[in-house]
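Trainee:
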Amino acid sequence: MTRRSLWRLALGLLAVVVAVVAGDRLFPPPLERVAARSALVVDAAGAPLRAFPVGEGVWRFPADPARIDPLYLRMLLAWEDHRFASHPGIDLLALCRAVRQGLVAGRIVSGASTLSMQTARLVEPRPRTLGAKLIEMVRALQLEVRLGKQGVLALYLDLAPFGGNLEGVRAASLFYFGKEPDRLDAAEAALLVALPQSPERRRPDRAPDLARAERNRVLATMVNLGVLDAPAAAEAMAAPVPTGRRPAACSAPHLAERARAAAPEARLLPTTIDGALQGALERLADGHVRDLEAKATMAVLVVANDGRRIIGYVGSGDYLDLSRGGPIDMVRAVRSPGSALKPFIYGLGFDDLLLAPNTIMVDRPMRFNGWAPQNFDKFNRGEVTAAEALQLSLNIPAVALLQRVGPRRFAQSLASAGAPLSLPDDEPPGLPVALGGAGISLESLVTLYAGLADGGRVRPLSFVPGAPLGEGVRLVSPMAAWYLGRILADTPPPPNLMPGQHTALGRVVSFKTGTSYGFRDAWAIGFDRDYTVGVWVGRPDGGFSPGRMGREAAAPALFEVFSILPPAKPDSLLPLAPEGAQLLSNSNLPPALRRFVAVGDDLAGAPVASANGPRIAFPPAGSRVELGRDPAGVPRPLPLRAEGGRMPLVWLVNGVPVGQSSYRRQAEWQPDGAGAARITVIDGAGQSSSADIWLE
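If you read the sequence shown in the working numbering, its first letter stands for residue 1367, the second for the next number, and so on.
#1: Give the straight-line distance between the Cα atoms of Arg1570 and Leu1576, rounded to the nearest whole angstrom.
#2: State buried or exposed for Gln1508, treating a residue as buried only when at least 16 other CB atoms are found within 10 Å of its CB.
#3: CB-CB under 6 Å to Glu2009, same chain, minus the five flanking residues each way: which ones, in chain order?
#4: List, from N- to C-terminal side, the alpha helix (DSSP H) runs of 4 residues or more that fit wholly inside the segment 1719-1794.
#5: Check for me: the beta strand (DSSP E) holding Arg1351 runs from which residue to which?
#6: What are the boundary residues of the alpha helix (DSSP H) that includes Gln1644?
#7: Compute the distance between the beta-carbons of Leu1481 and Tyr1522, then report whether it is under 8 Å.
#8: Starting from Arg1981, follow the beta strand (DSSP E) in both directions and report where the run begins and ends.
#9: Among Gly1908, Tyr1897, Asp1896, which has the Cα closest to the Cα of Ala1888?
#10: Kindly provide the ranges of any alpha helix (DSSP H) runs that are 4 or more residues long and lie completely inside the segment 1806-1844, ordered along the chain.
#11: Helix, strand or coil: how does DSSP classify Pro1436 here?
#12: Would you call the segment 1797-1812 and the segment 1706-1718 touching, i.e. three or more CB-CB distances under 8 Å?
#13: Just confirm the distance between the C-beta atoms of Pro1493 and Pro1527, as a whole number of angstroms; I'd bet it's less than 8 Å.
#14: Taking contact to mean 3 or more Cβ pairs, one atom from each stretch, closer than 8 Å, check whether the segment 1605-1616 and the segment 1815-1832 are in contact.
#15: If you draw a straight line from the C-alpha of Phe1427 to the C-alpha of Gly1880, how long is it?
#16: Would you call the CB atoms of Val1489 and Pro1396 closer than 8 Å?
#17: May I ask you to list the residues that DSSP assigns as paired with Thr1857?
#18: Please state if the CB of Asp1435 and the CB of Ala1555 are separated by a distance shorter than 8 Å.
#19: Please confirm whether Met1588 and Val1903 have their CB atoms less than 8 Å apart.
#20: Pick out whichever of Gln1644, Pro1986, Phe1716, Phe1745 has its Cα sitting closest to the Cα of Trp2060.
#21: Buried or exposed for Asn1735, please, with buried defined as at least 16 other CB atoms from any protein chain shown within 10 angstroms of its CB.
#22: Measure the beta-carbon distance from Gly1892 to Ser1876 and round it to whole angstroms, keeping in mind my assumption that it falls under 8 Å.
#23: Among Leu1650, Thr1638, Val1680, which has the Cα closest to the Cα of Ala1670?
#24: Leaving out the 5 sequence neighbours to the left and right, which residues in its chain are closer than 6 Å to Ala1785 when beta-carbon positions are compared?
#25: Below 8 Å between beta carbons: does that hold for Pro1922 and Pro1861?
#26: Buried or exposed for Ala1622, going by 16 or more other Cβ atoms inside 10 Å?
#27: Count the other CB atoms within 10 Å of the CB of Leu1591; is the residue buried (16 or more) or exposed (fewer)?
#28: Just curious, the beta strand (DSSP E) that Tyr1897 is in, first and last residue?
#29: Throw me the rounded Cβ distance for the Pro1723 and Ser1882 pair, which I believe falls under 8 Å.
#30: Do you know whose CA, among Pro1454, Ala1755, Pro2003, Gly2039, lies nearest Ile1853's CA?
#31: For Ser1617, which residues of its own chain have a beta-carbon under 6 Å away from its beta-carbon, when the five flanking residues on both sides are left out?
#32: What do you reckon, are the CB atoms on Leu1561 and Val1400 nearer than 8 Å?
#33: Check whether the Cβ atoms of Ile1806 and Val1700 lie closer than 8 Å to each other.
#34: If we count the other Cβ atoms within 10 Å of its Cβ and call it buried at 16 or more, is Glu1341 buried or exposed?
#35: Which of the three DSSP states is assigned to Ala1618 in this structure?
#36: Buried or exposed, going by whether 16 or more other CB atoms sit within 10 Å of the CB of Gln1484?
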């Protein structure tokens, strides 16, 4: 061959290469069309919690060949393309054989599609014509150059059809077998090899007999090819095929939505959820919700205190029950906490040296800035210790203490710890905060109580594995946290437990309950050194339930949750005691701490309203008032009217001011729903009158 001929050949080859490269750049394979993958939220062990489909409800999960069962991969390549590792995307030997057989027989006898060509067809579906086949060959070459063998194999494993809206081997394995395809038996692997050739006709959930026959044909071929031995194939042929599809994973659905919203581009979303515990919590919540009235539900949050890891998350009793507001995440919903914030008032009081656990407090009628709160049961206990006042959740001592601590400072302390209070119309915090006159979420409450278990240091909760813990914020001192842990551990147990039984669960649980105005929300929050648990019971629409109280509605579930947690360690029964910690008796306290001095008007023996004071004319005390509603279903304002008293007048409903002081004897209050309400009017001389009513 002459030198000129060699140059021509070289230039010709170069032109071909340039043409191929230019063609690849000008007409790249449309990989963006199939780039979407289903997002999969998994628990701490990697098991699916919830998946989110793509497109028109298609289930398609990313598949890594390294995480697929090797037996399945061997069977797949033996069945579809045994020279996959050696050809460049087109198997010339198979192509020549197919052409020769077709010419002899006068019809198509066997195909010559490689796995790469099948993948090209999945990426860019076309009618099965000769022209389409040629395009598939070009696309197969492109995919091989661009992705390599492992990339092409991974793309096939992602896109192969398995019937209905299932695409990819992971989706098929999860929905047909309920497990990841990393460990498949021979029968399962053979079925997954057989389905993509005719996925709709061979679907085991619709044609189990045909699916079994095609699976067994694959198994017999695997014996002939030496992939399986005869006994293993016979055992696999005797195995049943699945006759239905498993439901899509839907555990911890509210948390899964949060995980997806936090990382919308991620396809695999790991969490700190304990899958087994989560299942138990969902069953527990479902059982309790069945005993509640219509439209009521339950939320549960469980945190491992080390690392503040969220390990259990039930946003509602039944995510799919629209009548109970199932899709609403009540872990994050802002509701009135009732008395659940009282421990933190006492904690700040301990740190301010205003009192100690055995300081004497006086529980008797008092008026604070014109407001006369009452205990929940309308009874007063007289002289009690601070510990007893907190354990019995007495209202008047808590309000008296908050007045000394300062409601604004109290709210700022919670906000700096990452648990801000929600106040109506951004009003400044007042004394009613002590009794639930503000909003907070279950997640924020659990965050605060987990801080008590950690010596008073509050850190944010996380459901992301490996999230940095951070320094956190010290809400109360280690000594105050220890005091609160000891006091709350002696709180009277809920009705389902005998006294002292809550310490026989293998752990000592410090807990507090709360009940919001109108019995709308029932709370129970408990902790030991290892775990913090929060339970909320109520209606997402804010409706009332006569008699729903934290001690009866939420606390029993709280202790059920603790009973299914791992056994307590011997050294984890209570928060660690700081050096020198001890509970001094009252007589051993410094004189300044022996009695707490409340700043308020003592009303002992005095009527709530004098003869010349104001009187509530409407609504009358003890009445049942039917709520009017506008066409949109929103409650109409309720008129309030007073007689007598000295102007100006101040109105409060459930301890929360209604508007500003006024020189009119009428006002309007906007109810947020049905339930109990306590209406109070205070005149310019500080005299007051109250009326308890029921809104229907």
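Cβ coordinates follow ideal geometry from the N, Cα and C atoms, glycine included.
Mentor: Here's the rundown:
#1: Taking the sequence shown and counting its residues from 1, one reaches residue 1570 at position 204. Taking the sequence shown and counting its residues from 1, one reaches residue 1576 at position 210. Reading off the sequence, residue 1570 comes out as Pro, not Arg. Those two C-alpha atoms are separated by around 8 Å.
#2: To locate residue 1508, count along the sequence shown from 1; it is residue 142. By the 10 Å Cβ count, Gln1508 comes out buried.
#3: The residue you call residue 2009 lines up with position 643 of the sequence shown. Arg1981, Ala1983, listed in sequence order.
#4: Listed in chain order, they are 1752-1757, 1761-1771, 1773-1782.
#5: Lying outside 1367 to 2062, the shown extent of the chain, residue 1351 is not represented and no answer is given.
#6: Taking the sequence shown and counting its residues from 1, the one referred to as residue 1644 is at position 278. From DSSP, the alpha helix (DSSP H) with Gln1644 extends over 1641-1656.
#7: If you number the sequence shown from 1, residue 1481 lands on position 115. If you number the sequence shown from 1, residue 1522 lands on position 156. A contact, by the Cβ cut-off of 8 Å.
#8: What you label residue 1981 is simply residue 615 of the sequence shown in a count that begins at 1. Residues 1981-1984.
#9: On the sequence shown, position 522 is the one that residue 1888 refers to. With distances taken between Cα atoms, Ala1888 lies closest to Gly1908.
#10: Listed in chain order, they are 1808-1819.
#11: One-based indexing of the sequence shown puts residue 1436 at position 70. Of the three classes helix, strand and coil, the one that applies to Pro1436 here is helix, per DSSP.
#12: yes
#13: Start at 1 with the first residue of the sequence shown, and residue 1493 comes out as number 127. Start at 1 with the first residue of the sequence shown, and residue 1527 comes out as number 161. Not a contact, Cβ separation roughly 17 Å.
#14: no
#15: Translated into the one-based positions of the sequence shown, residue 1427 becomes position 61. Translated into the one-based positions of the sequence shown, residue 1880 becomes position 514. Each residue's Cα considered, the two are about 44 Å apart.
#16: Position 123 of the sequence shown, counted from the start, is the residue given in the question as residue 1489. Position 30 of the sequence shown, counted from the start, is the residue given in the question as residue 1396. It is a contact, given that the beta carbons lie within the stated cut-off.
#17: Residue 1857 sits at position 491 when you count from the first residue of the sequence shown. DSSP output for Thr1857 lists no bridge partner at all.
#18: Taking the first residue of the sequence shown as position 1, residue 1555 is located at position 189. Taking the first residue of the sequence shown as position 1, residue 1435 is located at position 69. Going by C-beta atoms, Ala1555 is nearer than 8 Å to Asp1435.
#19: For the purposes of this step, residue 1588 is identified with residue 222 of the sequence shown, where counting begins at 1. For the purposes of this step, residue 1903 is identified with residue 537 of the sequence shown, where counting begins at 1. Not closer than 8 Å, so no.
#20: Within the sequence shown, numbered from 1, the residue matching residue 2060 stands at position 694. Minimum Cα distance to Trp2060 is reached at Pro1986.
#21: Taking the sequence shown and counting its residues from 1, the one referred to as residue 1735 is at position 369. By the neighbour-count criterion, in which a residue is buried when 16 or more other Cβ atoms sit within 10 angstroms of its Cβ, Asn1735 is exposed.
#22: Along the sequence shown, read from residue 1 onward, the residue named residue 1892 stands at position 526. Along the sequence shown, read from residue 1 onward, the residue named residue 1876 stands at position 510. With 8 Å as the limit, Gly1892 and Ser1876 qualify as a contact, their Cβ atoms being about 6 Å apart.
#23: Counting from one through the sequence shown, the residue named residue 1670 turns up at place 304. Ala1670 has its Cα closest to that of Thr1638, out of Leu1650, Thr1638, Val1680.
#24: Reading the sequence shown from its first residue, position 419 is the one you call residue 1785. The beta carbon of Ala1785 is closer than 6 Å to those of Ser1810, Thr1813, Leu1814 in its chain, skipping five residues each way along the sequence.
#25: Position 556 of the sequence shown holds residue 1922. Position 495 of the sequence shown holds residue 1861. In contact: Pro1922 and Pro1861 (Cβ atoms closer than 8 Å).
#26: Walking along the sequence shown from the start, residue 1622 turns up at place 256. For Ala1622, the number of other beta carbons within 10 angstroms of its own is at least 16, and it is reported as buried.
#27: The residue you call residue 1591 lines up with position 225 of the sequence shown. Result: exposed.
#28: As a working note, residue 1897 is residue 531 in the sequence shown. 1897-1904 is the span of the beta strand (DSSP E), which, as asked, contains Tyr1897.
#29: As a first step, residue 1723 must be located in the sequence shown, where it is residue number 357. As a first step, residue 1882 must be located in the sequence shown, where it is residue number 516. Between Ser1882 and Pro1723 the Cβ distance is about 27 Å, and since that is not below 8 Å, they are no contact.
#30: Here residue 1853 refers to the residue found at position 487 of the sequence shown. With distances taken between Cα atoms, Ile1853 lies closest to Ala1755.
#31: In the sequence shown, residue 1617 corresponds to position 251, counting from 1. Cβ within range, chain order: Leu1415, Gln1644.
#32: The residue given as residue 1561 occupies position 195 in the sequence shown. The residue given as residue 1400 occupies position 34 in the sequence shown. Contact: no.
#33: Position 440 of the sequence shown, counting from 1, holds the residue named residue 1806. Position 334 of the sequence shown, counting from 1, holds the residue named residue 1700. Taking 8 Å as the Cβ cut-off, Ile1806 and Val1700 qualify as a contacting pair.
#34: Nothing about residue 1341 can be reported from this structure: the residues present for the chain run from 1367 to 2062 only.
#35: Residue mapping note: residue 1618 aligns to position 252 of the sequence shown, counting from 1. In the structure shown, Ala1618 falls within a coil segment according to DSSP collapsed to helix, strand and coil.
#36: What you label residue 1484 is simply residue 118 of the sequence shown in a count that begins at 1. Result: buried.
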